[in-house]
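Numbering (the working numbering), first residue to last: -8 to 201.
Glycine is no exception: its CB is placed at the ideal position from the N, C-alpha and C atoms.
The structure appears right after this line, and notes come after that.
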Amino acid sequence: MLSLIKISRFTNDAAGLEKTLRLFQAVAQVIAFHSISPNPYLRARYQIALGRRYFRLLKWADCFVLSYKAFVGSSGVVGVLEVGKWSCLALYNFLELFTLADEEKLDAMGVHESDWATPLFLEANKFWFYGICLSLLLGVVQLWGLGASPAKQSEEKEDAEKVKRERKEWEATRGTIVRKLVIDGCDLLTPGVTTGWIVVSSANVGMAMV
């Protein structure tokens, strides 16, 4: 019962629902790649992807706010990477507003035809690619900045509890950064394939999305 409650809360939250749709999109994409008749699965993948994009309509504003906070509060290489990362992601989300594209139509309902929606979508994905690359560089710099384990740095300390607590915090921080690096590495495939800068199958992209 507790698990059902957690699942319900997760899927009722906007961010949780978007992640759930992402999972369904990835599954549909993998099945379409291996299916003899992929059209129904490709249609489902497209509709799910379109639905996910409505959850990101105003995400560009959050990214610009984070970019400004990084500009004000951070310095050095980390500050430059954070500002660049959030600025690129903000531009990606902002440009995506105008590219709810279905071939050459401005949106899936075909309200208005446009010949610039598809090229603009490509440019948006370039900014997404740049943002993820900067995020990967930021993660590497943060790992480098962590240095060695506190246990190795504090061999002569008499307060064993303090050393243990510092090591636990160090491991938690390092684990968070490593997980983010893995996630960014997987996410990089999507804009990479869209721009043509990375050549992998759609099944690999789908599995990376999971």
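Sort K153, L134, N116, Y37 by Cα distance to L88 and report the nearest one.
Against the sequence shown, residue 88 aligns to sequence position 97. That would be N116, whose Cα lies nearest to the Cα of L88.
Completely contained alpha helix (DSSP H) runs for the stretch 98 to 137, where each covers 4 or more residues
108 to 137
Which same chain residues end up closer than 6 Å to A35 when comparing Cβ atoms and leaving out the 5 residues on each side of it in sequence?
The count along the sequence shown starts at 1 and reaches residue 35 at position 44. Counting only Cβ-Cβ distances below 6 Å, and skipping sequence neighbours, we find A19.
Environment of F118 [buried if 16+ CB atoms lie within 10 Å]:
Mapped onto the sequence shown, residue 118 falls at position 127. So F118 counts as buried.
Quick one: is F120 buried, meaning 16 or more other Cβ sit within 10 Å of its Cβ, or exposed?
Start at 1 with the first residue of the sequence shown, and residue 120 comes out as number 129. The residue is buried, with at least 16 neighbouring Cβ atoms inside 10 Å.
Is it buried or exposed for K153, if we count other Cβ within 10 angstroms and need 16 for buried?
Position 162 of the sequence shown, counted from the first residue, corresponds to residue 153. By the 10 Å Cβ count, K153 comes out exposed.
How big is the Cα-Cα spacing for F1 and E157?
The residue labelled residue 1 in the question sits at position 10 within the sequence shown. The residue labelled residue 157 in the question sits at position 166 within the sequence shown. Going from the Cα of F1 to the Cα of E157 covers about 32 Å.
What residues in its chain sit with their C-beta under 6 Å from that of G197, if we drop five residues either side in the sequence?
Looking up residue 197 in the sequence shown gives position 206. So the list reads A17, Q20, V21, once near-sequence residues are dropped.
If we call anything under 9 Å between Cβ atoms a contact, is F24 one with A199?
Locating residue 24 in the sequence shown gives position 33, counting from the first residue. Locating residue 199 in the sequence shown gives position 208, counting from the first residue. No, they are not a contact pair.
To the nearest angstrom, how far is it from the Cα of A61 to the Cα of L86?
Counting from 1 along the sequence shown, the entry for residue 61 is found at position 70. Counting from 1 along the sequence shown, the entry for residue 86 is found at position 95. So the alpha carbons of these two residues sit roughly 22 Å apart.
G183 classed as buried or exposed, judged by whether at least 16 other C-beta atoms fall within 10 angstroms
To locate residue 183, count along the sequence shown from 1; it is residue 192. Buried, because 16 or more other Cβ atoms sit within 10 Å of the Cβ of G183.
Have a look at K96 and N3 and give me their C-alpha separation to the nearest angstrom.
Stepping through the sequence shown from its first residue, residue 96 is reached at position 105. Stepping through the sequence shown from its first residue, residue 3 is reached at position 12. Because K96 sits at a pLDDT of 49, beneath the cut-off of 50, its placement in the model cannot be relied upon, and the point is left open.
On a Cα-Cα basis, can you pick out the residue from L128, W188, L137 that is closest to V173?
Sequence index remark: in the sequence shown, residue 173 carries index 182 (1-based). For V173, the nearest C-alpha among the options comes from L128.
Could you name the residues of the same chain whose beta carbon sits closer than 6 Å to that of K50, not counting the 5 residues immediately before and after it, in chain order?
Counting from 1 along the sequence shown, the entry for residue 50 is found at position 59. These residues qualify, in order along the chain: N84.
Would a C-beta distance cut-off of 9 Å place A6 and F46 closer than the cut-off?
In the sequence shown, the residue the question calls residue 6 occupies position 15. In the sequence shown, the residue the question calls residue 46 occupies position 55. For A6 and F46, yes; Cβs fall inside 9 Å.
For R13, I'd like the list of residues in its chain whose CB is within less than 7 Å of its CB, leaving aside the five on either flank, ordered along the chain.
Here residue 13 refers to the residue found at position 22 of the sequence shown. Result list for R13: R43, M200, in chain order.
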